[in-house]
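Right, one structure below, let's go through it.
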Amino acid sequence: MSNIILQVENLSTSYGRIPMLMGVNMSVHKGSVCTVLGPNGAGKSTLVKAILGLVRADKGKIIFMDQDVTHVPSHKRISSGIHVASPATGTFPKMTVETNLRLGAYNVDDKNILEQRLEEVFHSFPILKNRLQQKAGTLSGGERTMLSISKAIINDTKILILDEPSLGLAPIIVEEVFRFLKKLHDERELTIMLVEQNINKALSISNFGYVLQKGQIIYEGDTSVLQDSDILKNPVM
Amino acid sequence: MEALKKSVHSPFVIILLNLALGFALYGILITESLVSIGLIIAFIALVLFLERYGIVNEVFDAYNDNKVVALISGLLVILAVPVSLKGNIYIAHISTIAVLYAIACLGLNFQMGSTDMTNFAPAAFMGLGAYSVGVATSKFGLSPWVGLLAGIFVTGIFGFMVGLPTLKTKGYYLSLVTMAIQIAFTQLMNTIRYVGGSDGMSGLTKYSLFGYDLYKRYTFFGIRFAPQVPFLIVCVLFLIAFAYISMRVYHVSYGLSLNAIAQDEIAANCLGINISRQKLFAFVIGSIFCGVAGSLMVGLEGYVGPKSYDFAKSLLLICMVILGGMDNTIGIIVGAVFLSIITEKLRDFADYQQLVYGLLLVVLLIVRPNGILPRRVRKYKNLIRRNAGGKQVEVSTEPTA
Numbered sequence: 069m070s071n072i073i074l075q076v077e078n079l080s081t082s083y084g085r086i087p088m089l090m091g092v093n094m095s096v097h098k099g100s101v102c103t104v105l106g107p108n109g110a111g112k113s114t115l116v117k118a119i120l121g122l123v124r125a126d127k128g129k130i131i132f133m134d135q136d137v138t139h140v141p142s143h144k145r146i147s148s149g150i151h152v153a154s155p156a157t158g159t160f161p162k163m164t165v166e167t168n169l170r171l172g173a174y175n176v177d178d179k180n181i182l183e184q185r186l187e188e189v190f191h192s193f194p195i196l197k198n199r200l201q202q203k204a205g206t207l208s209g210g211e212r213t214m215l216s217i218s219k220a221i222i223n224d225t226k227i228l229i230l231d232e233p234s235l236g237l238a239p240i241i242v243e244e245v246f247r248f249l250k251k252l253h254d255e256r257e258l259t260i261m262l263v264e265q266n267i268n269k270a271l272s273i274s275n276f277g278y279v280l281q282k283g284q285i286i287y288e289g290d291t292s293v294l295q296d297s298d299i300l301k302n303p304v305m
Numbered sequence: 190m191e192a193l194k195k196s197v198h199s200p201f202v203i204i205l206l207n208l209a210l211g212f213a214l215y216g217i218l219i220t221e222s223l224v225s226i227g228l229i230i231a232f233i234a235l236v237l238f239l240e241r242y243g244i245v246n247e248v249f250d251a252y253n254d255n256k257v258v259a260l261i262s263g264l265l266v267i268l269a270v271p272v273s274l275k276g277n278i279y280i281a282h283i284s285t286i287a288v289l290y291a292i293a294c295l296g297l298n299f300q301m302g303s304t305d306m307t308n309f310a311p312a313a314f315m316g317l318g319a320y321s322v323g324v325a326t327s328k329f330g331l332s333p334w335v336g337l338l339a340g341i342f343v344t345g346i347f348g349f350m351v352g353l354p355t356l357k358t359k360g361y362y363l364s365l366v367t368m369a370i371q372i373a374f375t376q377l378m379n380t381i382r383y384v385g386g387s388d389g390m391s392g393l394t395k396y397s398l399f400g401y402d403l404y405k406r407y408t409f410f411g412i413r414f415a416p417q418v419p420f421l422i423v424c425v426l427f428l429i430a431f432a433y434i435s436m437r438v439y440h441v442s443y444g445l446s447l448n449a450i451a452q453d454e455i456a457a458n459c460l461g462i463n464i465s466r467q468k469l470f471a472f473v474i475g476s477i478f479c480g481v482a483g484s485l486m487v488g489l490e491g492y493v494g495p496k497s498y499d500f501a502k503s504l505l506l507i508c509m510v511i512l513g514g515m516d517n518t519i520g521i522i523v524g525a526v527f528l529s530i531i532t533e534k535l536r537d538f539a540d541y542q543q544l545v546y547g548l549l550l551v552v553l554l555i556v557r558p559n560g561i562l563p564r565r566v567r568k569y570k571n572l573i574r575r576n577a578g579g580k581q582v583e584v585s586t587e588p589t590a
């Protein structure tokens with residue numbers, strides 16, 4: 069098996085007649101943290117949706133774990149190990165935290181494994197243990213983000229895609245979320261694809277970065293290089 | 190109240206409770222119009238009062254903890270009620286209809302309660318089941334049981350076909366689609382000469398079991414029973430079986446994923462839930478439940494016609510689900526039974542029947558917007574609960590900031 073977990077080749081998508089992505093190429097290496105940066109409307113979320121299969125690809129290929137998944141229905145892609153966490157699609161606010169965790173374990177059939185992984189979740193997020201009977205909608209923003217990330221631990225996740233985890237969170241909570249992401253990556257060597265607007269925070273934990281603008285990748289490279297490059301100083305970013 | 194909460198958990202209290210519920214049901218059935226409606230309102234008020242102190246939930250938990258006792262005593266009580274009706278033809282008739290509506294409502298709940306897809310065509314599916322029995326018995330001379338099986342098959346396929354457009358439509362649009370299906374069904378049955386057109390088919394063969402007719406006056410121990418009683422018992426057994434299926438579906442991942450789809454389709458998709466399959470599942474199983482209810486309805490009336498399964502009947506079933514409590518199997522049965530009884534007992538008001546009925550519904554929904562027994566918060570016995578252990582108690586004693 070190659071070192072690349074997720075590869076996007078020449079991907080183009082559109083909403084009706086409006087093109088959103090135009091020939092995007094990118095690859096996420098195993099065990100790396102990869103960041104996709106870009107201004108509003110650059111197509112970051114569309115890229116995530118295309119990888120998940122929520123948006124149809126007009127052209128190009130998506131290869132996950134050496135398999136072409138471009139035409140695989142989205143629920144199958146997800147159950148094969150892509151996990152997405154975002155404020156918008158992470159939790160079910162009207163259900164209890166416990167039910168949310170159960171739903172996260174939808175694809176885990178073995179009860180022993182589930183129990184073991186729940187143990188790990190509570191080890192990582194002790195706060196969730198106290199909130200089991202609470203409705204997810206009553207959690208704070210940070211707790212909700214953690215709940216949606218914790219579902220990645222419950223599942224046998226190969227790659228965790230985070231769609232703007234810092235959106236709508238207080239800076240101090242953002243700090244906490246990113247610290248946790250780093251820990252998660254270090255401890256479990258989890259591959260993370262981070263889609264962010266918060267440039268500095270995102271770059272601080274990642275090792276490879278892409279910059280997306282108007283549906284095209286305009287820059288790719290190691291974060292150390294990216295941090296110093298002129299591209300991020302562009303006022304549009 | 191605390192003492193009451195604790196005492197609920199003993200098996201003896203559960204048997205007593207079952208007996209009390211049985212007597213309450215018997216009282217509601219047997220008394221005259223106003224007294225009966227008064228009893229129903231008193232029952233709802235009692236539930237409301239007890240729920241304020243969290244006793245209703247405690248009772249549900251207690252039943253869960255003492256499954257065997259609760260089941261056996263409940264079964265005996267629920268089967269004693271039809272027998273206790275003795276020769277009362279009218280009440281036996283109402284009870285049978287109530288039980289059959291309850292089965293249809295359980296089916297409708299898969300779509301309305303669990304998945305939040307309002308289906309305005311449950312009566313059409315009941316009608317399909319009923320017509321299957323009608324055609325099988327009168328045109329092919331088969332046993333109505335064969336008709337019932339055919340009905341399951343037909344409604345299942347039809348449910349699948351109706352489910353297909355729902356994959357693309359949501360909310361109001363879905364409601365419109367199903368409304369159109371309901372109206373089209375009634376109109377279609379009105380025009381097809383083969384199934385009797387607007388007159389329908391009457392004088393159909395009724396169900397029999399092991400050579401015994403189920404719709405017949407039998408005399409046991411010197412008591413002449415109403416002709417519906419044996420059939421009512423069979424219907425109650427059907428209801429118990431279907432209630433069990435509903436509860437199982439609710440508790441396994443199928444029910445949970447349906448709830449997830451109801452709340453947020455994209456989020457559910459992002460957990461790897463196959464949305465199309467689950468929605469179709471909800472439609473097919475719900476349609477089959479409605480179809481079986483309709484098939485059994487023929488055994489009571491010996492008649493099937495388009496007017497029995499029109500839009501008004503669909504609305505009635507929807508009212509029962511909403512009033513009883515969405516996604517709560519017991520609540521839906523209670524809602525179906527109460528509404529069926531109320532409709533009948535209001536006959537004394539003659540011209541004002543519909544007015545009083547509407548008024549009652551409005552008042553009930555103002556008092557209990559989520560139904561008599563609302564949706565319960567899901568609880569899990571093993572796994573997480575065990576892990577959480579004493580931690581929860583520790584937190585609850587902490588002062589909240």
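If you read the sequences in order, they're chains E and F. Each residue of the first sequence is one higher than the one before, starting from 69 at the first, in this note's numbering. Each residue of the second sequence is one higher than the one before, starting from 190 at the first, in this note's numbering. Glycine included, C-beta positions come from ideal geometry on N, C-alpha and C.
9 Å Cβ cut-off: residues of chain F touching E:Val152: Indexing the first sequence from 1 puts residue 152 of chain E at position 84. Ordered by position in chain F, the residues that pass the 9 Å Cβ test against E:Val152 are Cys459.
Find the residues of chain E that neighbour F:Ile511, judging by a C-beta separation of less than 8 Å, and give them in chain order. Against the second sequence, residue 511 of chain F aligns to sequence position 322. Those do not exist, as F:Ile511 stays about 18 Å from chain E at its closest Cβ, beyond 8 Å.
Between which residues of its own chain and E:Glu264 is the CB-CB distance below 7 Å, once the five residues before and five after are set aside? Here the question's residue 264 of chain E lines up with position 196 in the first sequence. So the qualifying residues of the chain are Thr103, Leu105, Glu232, Ser234 and Ala270.
Taking C-beta pairs closer than 9 Å, name the residues in chain F that E:Leu120 reaches, listed in chain order. By one-based count along the first sequence, residue 120 of chain E stands at place 52. Those within 9 Å of E:Leu120 in chain F are Asn458 and Cys459.
Helix, strand or coil at F:Gly411 according to DSSP, with G and I counted as helix: Working through the second sequence from its first residue, we reach residue 411 of chain F at position 222. Reduced to three states, the DSSP call for F:Gly411 is coil.
Give me the Cα-Cα distance between E:Ile131 and E:Ile286, rounded to the nearest whole angstrom. Within the first sequence, numbered from 1, the residue matching residue 131 of chain E stands at position 63. Within the first sequence, numbered from 1, the residue matching residue 286 of chain E stands at position 218. Rounded to the nearest angstrom, the two C-alpha atoms are 21 Å apart.
Taking all protein chains shown into account, do 16 or more other C-beta atoms lie within 10 angstroms of the C-beta of F:Leu235, making it buried, or fewer, making it exposed? Position 46 of the second sequence, counting from 1, holds the residue named residue 235 of chain F. It is exposed - the Cβ of F:Leu235 has fewer than 16 other Cβ atoms within 10 Å.
Exposure of F:Thr589, with buried meaning 16 or more beta-carbon neighbours within 10 Å: Working through the second sequence from its first residue, we reach residue 589 of chain F at position 400. Confidence is the limiting factor: at F:Thr589 the pLDDT is only 39, short of 50, which leaves the residue's position unreliable, though a coordinate-based value still follows. F:Thr589 counts as exposed, since fewer than 16 other C-beta atoms from the protein chains shown sit within 10 angstroms of its C-beta.
Can you grab the Cα-Cα spacing for the pair E:Ile72 / F:Cys459, in whole Å? Taking the first sequence and counting its residues from 1, one reaches residue 72 of chain E at position 4. Taking the second sequence and counting its residues from 1, one reaches residue 459 of chain F at position 270. Rounded to whole angstroms, the separation of the alpha carbons of F:Cys459 and E:Ile72 is 22 Å.
Helix, strand or coil at E:Tyr287 according to DSSP, with G and I counted as helix: Counted from its first residue, the first sequence places residue 287 of chain E at position 219. Three-state DSSP puts E:Tyr287 in a strand.
Is there contact between the stretch 478 to 492 of chain F and the stretch 358 to 375 of chain F, where contact requires at least three CB pairs shorter than 8 Å? With a cut-off of 8 Å, the stretch 358 to 375 of chain F and the stretch 478 to 492 of chain F do not count as touching, because too few Cβ pairs lie within range.
By DSSP's criteria, F:Lys496 is part of a beta bridge. Which residues make up the other side? Locating residue 496 of chain F in the second sequence gives position 307, counting from the first residue. Looking at the DSSP assignment, F:Lys496 forms no beta bridge with any residue, so it has no partner.
Let's see if you can read the secondary structure: which residues bound the beta strand (DSSP E) around E:Ala153? Within the first sequence, residue 153 of chain E is the residue found at index 85, counting from 1. Here the beta strand (DSSP E) through E:Ala153 covers Ile150 to Ala153.
CB of F:Tyr592 within 8 Å of CB of F:Met315, strictly: Because chain F is modelled from 190 through 590, residue 592 of chain F falls outside the range shown and cannot be assessed.
Nonlocal neighbours in the same chain, by C-beta distance under 8 Å from E:Ala153, ignoring five residues either side: Reading the first sequence from its first residue, position 85 is the one you call residue 153 of chain E. Correct list, in chain order: Thr213, Ser216, Ile217, Lys219, Ala220, Leu228, Ile229, Leu230, Asp231 and Pro233.
Between the CA atoms of F:Ala213 and F:Gly385 - distance to the nearest angstrom: For this step, residue 385 of chain F is matched to residue 196 along the second sequence. For this step, residue 213 of chain F is matched to residue 24 along the second sequence. Cα to Cα, F:Gly385 sits roughly 42 Å from F:Ala213.
Can you tell me whether DSSP reads E:Pro87 as helix, strand or coil? Counting from one through the first sequence, the residue named residue 87 of chain E turns up at place 19. Reduced to three states, the DSSP call for E:Pro87 is strand.
Which of the residues in the stretch 424 to 451 of chain F, read from start to end, lie with their CB under 8 Å from any CB of chain E? Ser442, Leu445, Ser446, Asn448 and Ala449
Per the contact definition of three or more C-beta pairs closer than 8 Å, is the stretch 516 to 534 of chain F in contact with the stretch 346 to 366 of chain F? no
According to DSSP, which residues form a beta bridge with E:Phe306? Because chain E here runs from 69 to 305, residue 306 of chain E falls outside it and cannot be looked at.
Under the three-state DSSP convention, the category E:Gln135 falls into: Reading the first sequence from its first residue, position 67 is the one you call residue 135 of chain E. If DSSP states are grouped into helix, strand and coil, E:Gln135 belongs with the strands.
Could you check if E:Pro239 is buried or exposed, using at least 16 other CB atoms within 10 Å of its CB as the buried criterion? Your numbering for residue 239 of chain E matches position 171 in the first sequence. The residue in question, E:Pro239, is exposed, as its Cβ has fewer than 16 Cβ neighbours within 10 Å.
Might you give, ordered along the chain, the residues of its own chain that have their beta carbon closer than 7 Å to the beta carbon of F:Lys496, omitting 5 neighbours on each side? Here residue 496 of chain F refers to the residue found at position 307 when the second sequence is read from its first residue. Around F:Lys496: no qualifying Cβ.
Per the contact definition of three or more C-beta pairs closer than 8 Å, is the stretch 476 to 486 of chain F in contact with the stretch 332 to 348 of chain F? yes
Would a check of beta-carbon distances place F:Asn517 closer than 8 Å to chain E? Stepping through the second sequence from its first residue, residue 517 of chain F is reached at position 328. F:Asn517 does not count as touching chain E.
What number of angstroms, rounded off, separates the C-alpha of E:Pro141 from the C-alpha of E:Gly121? Taking the first sequence and counting its residues from 1, the one referred to as residue 141 of chain E is at position 73. Taking the first sequence and counting its residues from 1, the one referred to as residue 121 of chain E is at position 53. Approximately 6 Å between the Cα atoms of the pair.
Figure out for me which residue from F:Leu447, F:Leu485, F:Val441 and F:Tyr362 has the closest Cα to the Cα of F:Tyr157. Here chain F comprises residues numbered 190 to 590, so residue 157 of chain F is not present and cannot be evaluated.
With a floor of 4 residues, list each alpha helix (DSSP H) that falls wholly inside the stretch 533 to 571 of chain F, ordered by position along the chain. Runs of the alpha helix (DSSP H) inside the stretch 533 to 571 of chain F: 542 to 556.
When you compare only the Cα positions, how much space is there between E:Leu196 and E:Val165? As a first step, residue 196 of chain E is located in the first sequence; it is residue number 128 there, counting from the start. As a first step, residue 165 of chain E is located in the first sequence; it is residue number 97 there, counting from the start. So the alpha carbons of these two residues sit roughly 7 Å apart.
For E:Gly283, count neighbouring C-beta atoms within 10 Å of its own C-beta (all shown protein chains included) and say buried if the count is 16 or more, exposed if not. Mapped onto the first sequence, residue 283 of chain E falls at position 215. With 16 or more other Cβ atoms within 10 Å, it is buried.
Applying the criterion that 16 or more other CB atoms from any shown protein chain within 10 Å of the CB defines a buried residue, is E:Tyr278 buried or exposed? The sequence position of residue 278 of chain E within the first sequence is 210, counting from 1. So E:Tyr278 ends up on the buried side.
Does any residue of chain F have a CB that is nearer than 8 Å to the CB of E:Phe132? Looking up residue 132 of chain E in the first sequence gives position 64. At a cut-off of 8 Å, the C-beta of E:Phe132 has no neighbouring C-beta in chain F.
F:Tyr361, buried or exposed, once every other Cβ within 10 Å from all chains shown has been counted against 16: Locating residue 361 of chain F in the second sequence gives position 172, where the first residue counts as 1. Exposed is the call here.
Is the CB of F:Ile462 under 8 Å away from at least one CB in chain E? In the second sequence, residue 462 of chain F corresponds to position 273, counting from 1. Judged by the 8 Å Cβ criterion, F:Ile462 is in contact with chain E.
When you compare the CB of F:Arg567 with every CB in chain E, is at least one pair closer than 8 Å? Working through the second sequence from its first residue, we reach residue 567 of chain F at position 378. Yes, contact with chain E.
For E:Leu79, which residues does DSSP report across the bridge? For the purposes of this step, residue 79 of chain E is taken as the residue at position 11 of the first sequence. BP columns for E:Leu79 point to E:Val92.
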